[in-house]
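What follows is a single structure, written as structure tokens, with notes after it.
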Amino acid sequence: GSKELSTQFFSPKNTIKCSSPSLSLQHSKALDDRMSNVPRLEIEMLKLFLAPVKLRHFVKFCNSVLKLQTKLQFINQSIKHYSLLPRVDYTCNQDVSRSNRIISKLSKEGQVDEARKLFDKMSEPDVVSWTAMISGYIRCGKIDKARELFDRTDAKRDVVTWTAMVAAYARMNRILEAEMLFNEMPEKNVVSWNSLIDGYARNGRIDKGLELFWKMGERNVVSWNMVIAGLAQNGRINEARVLFDQMPEKNVVSWTTMIAGLSRNGRVEEARTLFDRTPERNVVSWNAMITGYTQNSRLDEAFELFEIMPEKIVSSWNTMIMGFIQNGELGRARILFDKMRQRDVVSWSTMINGYMLKGRSEEALRNFCEMQMDVLVKPNEGTFVSVLGACSDLAGLSEGMQIHQVINKTTYQMNEVVISALINMYSKCGDVATARKIFDDGLRGQRDLISWNVMIAAYTHHGFGRDAINLFKEMLQLGFKPNDVTYVGLLAACSHSGLVEEGLKYFDELCRDDSIKFREDHYTCLVDLCGRAGRLKDALVVIEQLPRTESAFIWGALLSGCNLHGDSETGKLAAMKLLGIEAKSSGTYLSLSKLCASNGKWKEAAKLRTQMKDIGLKKQPGCSWIAVENRVHVFLVGDTSHCETEVIHSLLGNLHMKMKRTGLLTNR
1 GSKELSTQFF
11 SPKNTIKCSS
21 PSLSLQHSKA
31 LDDRMSNVPR
41 LEIEMLKLFL
51 APVKLRHFVK
61 FCNSVLKLQT
71 KLQFINQSIK
81 HYSLLPRVDY
91 TCNQDVSRSN
101 RIISKLSKEG
111 QVDEARKLFD
121 KMSEPDVVSW
131 TAMISGYIRC
141 GKIDKARELF
151 DRTDAKRDVV
161 TWTAMVAAYA
171 RMNRILEAEM
181 LFNEMPEKNV
191 VSWNSLIDGY
201 ARNGRIDKGL
211 ELFWKMGERN
221 VVSWNMVIAG
231 LAQNGRINEA
241 RVLFDQMPEK
251 NVVSWTTMIA
261 GLSRNGRVEE
271 ARTLFDRTPE
281 RNVVSWNAMI
291 TGYTQNSRLD
301 EAFELFEIMP
311 EKIVSSWNTM
321 IMGFIQNGEL
331 GRARILFDKM
341 RQRDVVSWST
351 MINGYMLKGR
361 SEEALRNFCE
371 MQMDVLVKPN
381 EGTFVSVLGA
391 CSDLAGLSEG
401 MQIHQVINKT
411 TYQMNEVVIS
421 ALINMYSKCG
431 DVATARKIFD
441 DGLRGQRDLI
451 SWNVMIAAYT
461 HHGFGRDAIN
471 LFKEMLQLGF
481 KPNDVTYVGL
491 LAACSHSGLV
501 EEGLKYFDEL
511 CRDDSIKFRE
521 DHYTCLVDLC
531 GRAGRLKDAL
541 VVIEQLPRTE
551 SAFIWGALLS
561 GCNLHGDSET
571 GKLAAMKLLG
581 IEAKSSGTYL
591 SLSKLCASNG
601 KWKEAAKLRT
611 QMKDIGLKKQ
621 PGCSWIAVEN
631 RVHVFLVGDT
641 SHCETEVIHS
651 LLGNLHMKMK
661 RTGLLTNR
């Protein structure tokens, strides 16, 4: 307890005399030793103990504690130390330097607000302090906060600070602001030029990047590599190769960039020739060539290269595993994963995502639980997005809530992608209220278009059409521009809620917006909207006006509408079109059979059932699941694979008999 702790730490035999001008090495070592034996010490207790000590000794004491805690990453404790130093002269070089280190560390850990508190306490922050704080905001995605600090009249800036801002704008696709700031720079170095070139390449404006490249007074190997990478990424591989051959000096990155570019553009043989010519290869070079083979579905050659690698590190294994998964070879990926002696977060996340892509959500969830047992690995945003998707597929609200708690404990600040995954999970699991609360509170006003789309889709999924429309209107009022995904959610919301006129109005808006490319989903929603409203002839007219009508989704929407309103004539047309696209679709046969039966055409219905049997079609088995004591049990129709099948059947039989005896069931 606290009493025991204070006795241990502050007993007379442990008291340090601080009358000398500085702490001796012995005293510093004693402090470090004592601190290492008292984890997460409540530093506030030091106020009483150190009250009579001269301030300079207190500073040095705190610095000694800070040094240890930085190693242990006890960031919050470090902040407590500095909260005890309201009178410390931060202009002292040593203390400014230490403050700068803490600001950088806090920013990297996502605690940029705490970093700002410390920055604001500094009486005379130097240019490193300003750059560290601005870079901290940039790292956390708060570029406008960074610019606000950058523009202050008392800001201390050098070429590094300017370049950090230019690079941030470029990375966030705000290329016009990057250009303007670059042109205002009082002094530029080669890194400044490279940052803007990289921005142009990222935004598909490689011609502007090339123009800037040729204007540079001084180019380094990074400049050449960036332009070559930009050309390759934009499909201009021949120009990239010409520049590569012109390079006055190449490093291993140059060779690797060219190998990756050739592979990405389908020129694997040429990439392999270059790989064999590379004077110096590193692990990244080998990984690039392996990725080149897997990108082009040449798995055997990729694996052969993997096998002969002189040195395999975790990323090499991850590259090969990812290649197998991307080509649908989940089994081979798992074999390789199980052989790994050491795994990192990418290894686990890749496998979890692999199971998700194959629709094996249970295994994805199980792998996440296994990952949690590895104390050396912490999940990242990619892991959370995949495993939350698994919870959504399984409707596992309890598991999803547990993962939400893990996210809160693991990350200081969730980004938009994780927030959107949480909204989607709660929505798919039926908790729309919590989904909306996360949408409102989770991003603290920094919503992006993805999160708006996810929340609109959540309302749509549960039939809350009016709420989806109101959210769409709110989104427009706040200046967000909808995209194709937004309109899919909006049209589906109108369709599911029977809001025909609103749906037609929004479809008309979509037609008049040239910036949005039409998707098949938009037409499917329109056909579904008309079908549900009984306007089947209108739906048929929409389909006939399409440039191509070989869509199972569109004809399927029309068939559903026909079933709903009993239109056997149009329904038969839709079914025939569907069978022309998917000849062995059991769902189409069953829908048409049901439609015939509802219209009293029993012979036609029976004939369709017989046809299904003759060609070996069966109805897709129903699936249900239940979570018992943190384990999800999945059942299929006719499935006897569960280890307790006999017990379950016996209990169901007894329940059935009791229901019959009480009159809840009638004999059939």
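According to full-length UniProt numbering, the stretch in the sequence shown is residues 1 to 668, in order. Backbone N, C-alpha and C define an ideal beta-carbon position, used for all residues, glycine too.
Determine the DSSP secondary structure at residue i, reduced to helix, strand or coil.
i: G587; result: helix
i: S497; result: coil
i: I308; result: coil
i: T434; result: helix
i: A395; result: coil
i: T524; result: helix
i: H649; result: helix
i: A575; result: helix
i: T570; result: helix
i: L376; result: coil
i: residue 669; result: The chain is shown from 1 up to 668; residue 669 falls before or after that span and cannot be answered.
i: Q233; result: helix
i: residue 736; result: A query on residue 736 cannot be resolved here, the shown segment of the chain reaching from 1 to 668 and no further.
i: M122; result: coil
i: K358; result: coil
i: F303; result: helix
i: G107; result: In the sequence as presented, Gly is not what sits at residue 107; that position holds Ser. Helix at S107.
i: N424; result: helix
i: G331; result: helix
i: Q77; result: Low per-residue confidence applies at Q77: pLDDT is 49, beneath 50, and the placement is therefore not dependable, though the value from the model is reported in the following sentence. Correct three-state label for Q77: helix.
i: M247; result: coil
How many angstroms separate the CA atom of residue i from the CA atom of residue j?
i: L196; j: K572; result: 59 Å
i: L595; j: V488; result: 28 Å
i: R152; j: L118; result: 18 Å
i: H57; j: G110; result: In this prediction, H57 has a pLDDT of 49, which is less than 50 and means its spatial position is unreliable; nothing more can be read from the coordinates.
i: L388; j: K409; result: 16 Å
i: V252; j: F244; result: 12 Å
i: R264; j: C140; result: 31 Å
i: G235; j: R267; result: 12 Å
i: Y200; j: G400; result: 40 Å
i: A606; j: S593; result: 7 Å
i: I469; j: S451; result: 15 Å
i: F275; j: T319; result: 17 Å
i: I16; j: V96; result: Low confidence applies to I16: its pLDDT is 39, below 50, so where it sits in the model is not reliable, and the reading given next is rough at best. Approximately 26 Å between the Cα atoms of the pair.
i: A433; j: L365; result: 24 Å
i: K29; j: K108; result: Model confidence at K29 stands at a pLDDT of 49, short of 50, so the residue's coordinates are unreliable; what they give is reported in the following sentence. Answer to the nearest angstrom: the Cα atoms are 29 Å apart.
i: H649; j: R661; result: 18 Å
i: K215; j: L262; result: 27 Å
i: N305; j: R332; result: Note that residue 305 is Leu in the sequence shown, not Asn. Each residue's Cα considered, the two are about 16 Å apart.
i: C530; j: S495; result: 8 Å
i: H462; j: I419; result: 19 Å
i: K601; j: M576; result: 17 Å
i: I438; j: L394; result: 21 Å
i: S315; j: I290; result: 11 Å
i: K142; j: A170; result: 14 Å
State the CB to CB distance for the pair residue i and residue j, rounded to an integer number of angstroms; the pair is presumed to be in contact (CB under 8 Å).
i: C391; j: M425; result: 5 Å
i: L490; j: I456; result: 6 Å
i: L558; j: A574; result: 4 Å
i: D158; j: V127; result: 5 Å
i: G204; j: V227; result: Not a contact, Cβ separation roughly 14 Å.
i: L299; j: E280; result: Not confirmed; about 27 Å, so no contact.
i: N415; j: E362; result: The Cβ separation is near 27 Å, so there is no contact.
i: V417; j: V377; result: That pair is no contact at about 20 Å.
i: V485; j: A533; result: Not confirmed; about 24 Å, so no contact.
i: K156; j: W130; result: 5 Å
For a test of your reading of the model: does the CB of residue i fall under 7 Å from any non-hydrogen atom of the ligand SAH? Yes or no.
i: E474; result: In terms of ligand content, the structure shown is empty, and the ligand SAH therefore cannot be addressed.
Would you check if there are 3 or more beta carbon pairs closer than 8 Å linking the stretch 506 to 518 to the stretch 534 to 547? No, the stretch 506 to 518 does not touch the stretch 534 to 547.
query: Counting pairs of beta carbons, one from the stretch 547 to 558 and one from the stretch 522 to 533, are three or more of them closer than 8 Å?
result: The stretch 547 to 558, when compared against the stretch 522 to 533, does touch it at the 8 Å Cβ threshold.
Within 8 Å, do at least three Cβ pairs link the stretch 242 to 259 to the stretch 279 to 289? In short, these stretches touch, since the Cβ pair count reaches three.
Does the stretch 346 to 358 come close enough to the stretch 320 to 333 to have 3 or more Cβ pairs within less than 8 Å?
Yes: at least three Cβ pairs fall under 8 Å.
**Q.** Contiguous alpha helix (DSSP H) assignments of at least 4 residues, all confined to the stretch 124 to 155
**A.** List check, alpha helix (DSSP H) in window: 127 to 139, 143 to 150.
Minimum length 4: unbroken alpha helix (DSSP H) runs contained in the UniProt repeat "PPR" (448 to 482):
Taking only runs of at least 4 residues, the alpha helix (DSSP H) segments lying wholly in the UniProt repeat "PPR" (448 to 482) are 449 to 461, 465 to 477.
Query - beta strand (DSSP E) runs contained entirely in the UniProt repeat "PPR" (158 to 188), provided each spans 3 or more residues - result: No beta strand (DSSP E) of 3 residues or more sits fully in the UniProt repeat "PPR" (158 to 188).
Quick one: complete alpha helix (DSSP H) runs, 4+ long, within the UniProt repeat "PPR" (251 to 285)?
The alpha helix (DSSP H) runs of length 4 or more contained entirely in the UniProt repeat "PPR" (251 to 285) are, from start to end of the chain, 252 to 264, 268 to 277.
List, from N- to C-terminal side, the alpha helix (DSSP H) runs of 4 residues or more that fit wholly inside the UniProt repeat "PPR" (189 to 223).
Taking only runs of at least 4 residues, the alpha helix (DSSP H) segments lying wholly in the UniProt repeat "PPR" (189 to 223) are 190 to 202, 206 to 215.
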